[in-house]
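Q:
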Ligand code: HEM
Ligand code: SF4
Ligand code: FES
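Residue numbers (UniProt numbering), protein chains in the order written: chain A, 1 to 248; chain B, 1 to 222.
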């Protein structure tokens with residue numbers, strides 16, 4: 001199929017950037033979206049032009065690196081997948097496809113379609129860990145019994161891959177879904193209780209410092225999240241935050 | 001207030017609590033208003049009570065005004081911060097793909113309600129204040145029904161009120177249940193809260209619109 005691509009090009013972090021039109025022919029429906037961009041880049045390189053920079057790593061939906069706003073939606077038109085899991089069969093011959101980087105003040109563009117997501121790392125560093133020693137001494141994983149439904153809920157929260165689609169989708173560029181997933185995965189488990197109060201307060205403080213927006217509960221993040229992280233996590237984080245604030 | 005503005009979660013709680021407070025007020029106001037259609041006598045005596053009871057006048061009324069101000073000022077603050085958080089806007093942004101219109105446009109439905117409140121204050125509150133504290137007219141427990149019905153004689157006012165109630169409905173459609181999520185309530189009752197929200201946000205504004213239209217269509221003729 002033949003596609004009309006509109007892609008954000010930006011030389012570096014300080015450059016202005018603009019949309020550039022490309023026409024790409026011979027795209028197969030069983031290619032992945034990233035393969036399609038690879039082919040476009042091959043063409044650009046053979047013409048002596050600068051290839052389009054975009055983030056990717058695992059190409060199997062587990063690392064969260066790929067990050068493209070495609071036709072106005074993070075990770076494109078399909079739900080519960082990342083860009084690397086998106087295939088060209090979701091598009092038709094002759095389609096116009098608009099490809100942009102995530103847009104958030106806290107995610108500045110580094111080059112073309114690549115944004116700096118270290119704001120998420122700093123939120124994690126502010127409290128997304130537990131201080132238990134991990135010696136070589138084998139400790140039975142079931143030494144502390146945890147009810148199955150609680151373990152499952154914590155595991156669901158832990159599946160967040162830190163891709164940033166929630167921020168990209170949110171009309172306020174809010175990072176509440178990401179932060180709440182990272183808070184919840186520990187808040188639900190006994191191992192997370194020691195630092196619980198500090199964790200939520202520090203992570204929320206960092207989230208605010210990074211310049212993410214406030215939550216309006218539109219639910220866009222939950223729909224666009226490739227891992228199906230639920231809004232329940234945001235409510236849980238809010239509860240954690242209140243009880244931590246009350247404790248002082 | 002600066003402490004409250006500091007954390008995004010605290011700001012949302014302020015928004016939720018002030019919003020819910022306004023929902024309670026809206027309900028109470030509706031109960032009084034509907035008597036103007038059912039039984040003018042009751043409407044007169046309740047209105048007179050609200051107008052002259054010192055507890056209502058000097059405690060509840062200032063709290064209500066403060067609640068409205070806190071709510072819309074915080075709404076503006078959130079809106080400004082949220083716009084800033086995006087930075088550069090998307091060339092193509094498909095908001096409708098993942099979130100309902102009402103939830104994305106709270107500031108616009110809110111602005112219409114705010115404009116309406118301006119007119120509503122001018123129509124009733126300023127009138128009352130002038131009656132009581134500027135012209136020092138005597139208490140008259142029987143005047144309220146007639147004054148109210150007369151207000152709705154002009155078609156333009158009736159229409160403006162009715163349009164505002166539609167926007168109020170949209171605001172509540174998202175806002176009511178959203179405030180529970182903001183306060184950390186997302187559990188087995190949430191489905192019920194959502195259903196109640198939809199019922200409330202249709203029935204109450206529709207009721208208000210009905211009252212305005214009813215008085216427009218049934219003028220008092222002496
Ligand atoms: C009688 C009038 C009003 C009622 C009953 C009401 C009720 C509510 C409720 C319950 C919420 C949800 C809060 C949350 O999600 O945490 C809300 C949100 C909101 N209200 Fe109002 N409201 C009223 C008037 C206004 C006015 C006059 C404005 C002025 C601009 C306004 C602007 C907003 C905004 C912007 C939000 C969304 C804030 C956010 O979630 O980011 N509202 N309202
Ligand atoms: S919550 Fe979902 S959308 Fe947000 S960073 Fe995690 S995986 Fe990505
Ligand atoms: S490249 Fe790893 S999730 Fe897409």
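All C-beta atoms, glycine included, are put in the ideal place defined by N, C-alpha and C. A quick note: this is a predicted structure, and the numbers were derived from the prediction, not measured.
Just to make sure I have the definition right: I need the residues of chain B whose C-beta is within less than 8 Å of the C-beta of residue 11 (chain A). Which are they?
A: Here the premise fails: no neighbours, minimum Cβ distance about 15 Å.
Q: Name, in chain order, the residues that DSSP records as bridge partners for residue 20 (chain A).
A: A:7, per the DSSP bridge assignment.
Q: Name, going along the chain, the residues of the region 163-174 of chain A whose beta-carbon falls closer than 8 Å to a beta-carbon of chain B.
A: Within the region 163-174 of chain A, the residues whose Cβ lies closer than 8 Å to some Cβ of chain B are 169, 171, 172, 173 and 174, listed in chain order.
Q: Would residue 24 (chain A) and residue 44 (chain A) be called neighbours here (beta carbons separated by less than 8 Å)?
A: no
Q: Give me the DSSP bridge partner(s) of residue 69 (chain A).
A: A:74 and A:100
Q: Could you work out which residues of chain A lie near residue 87 (chain B), taking near to mean beta carbons separated by less than 9 Å?
A: 103, 104, 105, 106, 107, 108, 173 and 211
Q: Look at the alpha carbon of residue 167 (chain B) and the alpha carbon of residue 27 (chain B), and state the distance between them as a whole number of angstroms.
A: Between residue 167 (chain B) and residue 27 (chain B), the C-alpha separation is close to 16 Å.
Q: I'd like to confirm the pairing. Which residues does DSSP put opposite residue 114 (chain A) in its beta bridges?
A: Residue pairing for residue 114 (chain A): DSSP places it in a beta bridge opposite A:111.
Q: Taking the continuous alpha helix (DSSP H) assigned at residue 205 (chain B), which residues delimit it?
A: 190-217
Q: Taking 7 Å as the cut-off, is the beta-carbon of residue 161 (chain A) closer than that to any non-hydrogen atom of the ligand SF4?
A: yes
Q: Of all Cβ atoms in chain C, is any one closer than 8 Å to the Cβ of residue 91 (chain B)?
A: The structure shown contains no chain C; its protein chains are A and B.
Q: Give me the DSSP bridge partner(s) of residue 87 (chain A).
A: A:32
Q: Tell me whether residue 16 (chain B) counts as near the ligand HEM, meaning its Cβ is closer than 7 Å to at least one heavy atom of that ligand.
A: It does: the Cβ of residue 16 (chain B) is within 7 Å (strictly closer) of some heavy atom of the ligand HEM.
Q: DSSP three-state label for residue 79 (chain A), please.
A: coil
Q: Helix, strand or coil, according to DSSP, for residue 27 (chain B) in the structure here?
A: When DSSP states are grouped into helix, strand and coil, residue 27 (chain B) belongs to the helix group.
Q: Can you pull the chain A residues whose beta carbon is under 7 Å from the beta carbon of residue 9 (chain B), in chain order?
A: 204, 238 and 241
Q: For residue 139 (chain B), which three-state DSSP category applies?
A: coil
Q: Out of A:8, A:105, A:162 and A:26, which has the shortest C-alpha to C-alpha gap to residue 2 (chain A)?
A: Of A:8, A:105, A:162 and A:26, the smallest CA-CA separation from residue 2 (chain A) is found for A:26.
Q: How do the region 160-170 of chain A and the region 54-70 of chain A stand: do at least 3 beta-carbon pairs fall below 8 Å, yes or no?
A: yes
Q: Does the beta carbon of residue 183 (chain B) come closer than 8 Å to any beta carbon on chain A?
A: yes
Q: So what's residue 63 (chain B) in DSSP terms, helix, strand or just coil?
A: helix
Q: Measure the C-alpha to C-alpha separation of residue 51 (chain A) and residue 80 (chain A) and round it to an integer number of angstroms.
A: Using only the alpha carbons, I get a separation of about 29 Å.
Q: I need the DSSP call for residue 158 (chain B), collapsed to helix, strand or coil.
A: helix
Q: Taking only heavy atoms of the ligand HEM into account, decide whether any of them is closer than 7 Å to the Cβ of residue 197 (chain B).
A: Result no, Cβ not under 7 Å from the ligand HEM.
Q: By Cβ distance below 7 Å, which residues in the same chain neighbour residue 132 (chain A) in space, the five residues on each side in sequence not counted?
A: 191
Q: Taking 8 Å as the CB-CB limit, is residue 156 (chain B) close to chain A?
A: no
Q: Tell me the DSSP secondary structure of residue 129 (chain A) in three-state form.
A: coil
Q: For residue 106 (chain B), return the contacting residues in chain A, with the cut-off set at a CB-CB distance below 8 Å.
A: Near residue 106 (chain B) (Cβ distances below 8 Å), the residues of chain A are 216.
Q: With H, G and I counted as helix, E and B as strand and the rest as coil, what does DSSP make of residue 1 (chain B)?
A: Caution is warranted here: a pLDDT of 43 is assigned to residue 1 (chain B), below 50, making its placement in the model unreliable, and the coordinate value is therefore given only provisionally. It is coil, neither helix nor strand.
Q: Measuring only between beta-carbons, confirm whether residue 42 (chain A) sits less than 8 Å from chain B.
A: no
Q: For residue 78 (chain B), decide whether its Cβ has a neighbour in chain A, counting only Cβ atoms nearer than 8 Å.
A: yes
Q: Can you round the beta-carbon distance between residue 148 (chain B) and residue 215 (chain B) to whole angstroms, since I take them to be within the 8 Å contact cut?
A: 7 Å
Q: Who are the Cβ neighbours of residue 119 (chain A) in its own chain at under 6 Å, not counting the five residues just before and after it?
A: 106 and 210
Q: If distances are taken between C-alpha atoms only, which option among B:93, B:143, B:69 and B:112 comes closest to residue 49 (chain B)?
A: B:143
Q: When Cβ atoms are compared, which residues of the region 68-90 of chain A fall closer than 7 Å to chain B?
A: Those would be 69, 71, 72 and 73, in chain order.
Q: At a threshold of 7 Å, does residue 206 (chain B) count as lining the ligand HEM (C-beta to nearest heavy atom)?
A: No, the beta carbon of residue 206 (chain B) sits no closer than 7 Å to any heavy atom of the ligand HEM.
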